[in-house]
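Residue numbers (this note's numbering): 2 to 277.
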């Protein structure tokens, strides 16, 4: 018998709702109210999310406003990500889950097997990167830029040497929350316009490096891959990799109210988003 996990496909939601729902699912699972869950979602409007520890000074808030781009601070670490043309996923599972490795890196790899299979289901030759030099391993400890898709790290998913999915993880209340972005398309100019760079030269350096490092899956294929295809491919990928059955789940009214409460108190609140 395969283990049953819940599956939620939220579609496009506001930035504050997206983060509140991820946190609420972590809470529900920690209390044993729901089994582990995989959720897919999108962003409306397109949103820049920043990592838990990130400084707002890195971000050009005027540019965000001018381009009608949302802004939210994630509960997870990592660097800023522009959520635009992408499928975002989250996995919520207890740290005690059978066979889930204890270390963050190995657990990340275990959970990301579903992404790997998903890319294979789309016909893409994805693999996990492992930093192969001492220099690269050191570089990971000192992130040079505020842009998330700028550094391939341990077990990043890579196609043709370029990072195709960026993920971050947090552990709270005995539960792992891992979420990440699968890029369908990437507008480099839009992304770069959202950051404050110390100089024009620094910005140009990043402009040159970005296409070498990060790639959207529609640049790797001769055909256009749709969000629907992605949902199908990655849902099957997680089922195959984790040996689970994904059962569609709808939140109860009580659960929805709990999400709204977290949203109002935290992710829709400037105090949370602009702190530090």
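Even glycine gets a Cβ: it sits at the ideal position worked out from N, Cα and C.
Since we're looking at a predicted model, the values are computed, not measured.
Nearest-angstrom Cα separation, counted from residue j out to residue i
i	j	result
residue 3	residue 30	19 Å
residue 64	residue 33	42 Å
residue 276	residue 35	32 Å
residue 159	residue 266	37 Å
residue 8	residue 249	5 Å
residue 58	residue 52	13 Å
residue 281	residue 260	With the chain covering only 2 through 277, there is no way to say anything about residue 281.
residue 216	residue 186	8 Å
residue 255	residue 199	47 Å
residue 210	residue 50	21 Å
residue 126	residue 262	42 Å
residue 153	residue 165	Any reading at residue 153 must be qualified, since the residue scores a pLDDT of 40, below 50, and its modelled position is unreliable; the value itself is stated next. Distance between the alpha carbons of residue 153 and residue 165: 10 Å.
residue 194	residue 61	7 Å
Strand pairing of residue i, partner residues [DSSP]
i	result
residue 173	176
residue 71	48
Limits of the beta strand (DSSP E) - the one that residue i falls within
i	result
residue 10	4-14
residue 157	157-160
Residue i in three-state terms, based on DSSP
i	result
residue 247	strand
residue 238	helix
residue 153	For residue 153, the pLDDT reaches just 40, beneath the cut-off of 50, and the residue's location in the model is therefore unreliable, leaving the point undetermined.
residue 21	helix
residue 83	strand
residue 196	strand
residue 211	helix
residue 182	strand
residue 204	helix
The alpha helix (DSSP H) enclosing residue i, as first and last residue numbers
i	result
residue 192	189-193
residue 261	254-263
residue 219	Residue 219 -> no alpha helix (DSSP H), and no H or E assigned at all.
ask   = Can you give, in chain order, each stretch of the beta strand (DSSP E) that sits fully within the region 34-67 and has at least 3 residues?
value = 38-44, 48-51
request  = Output the residue ranges of the alpha helix (DSSP H) runs that lie fully inside the region 88-130 and measure 4 residues or longer, sorted by chain position.
outcome  = 105-122
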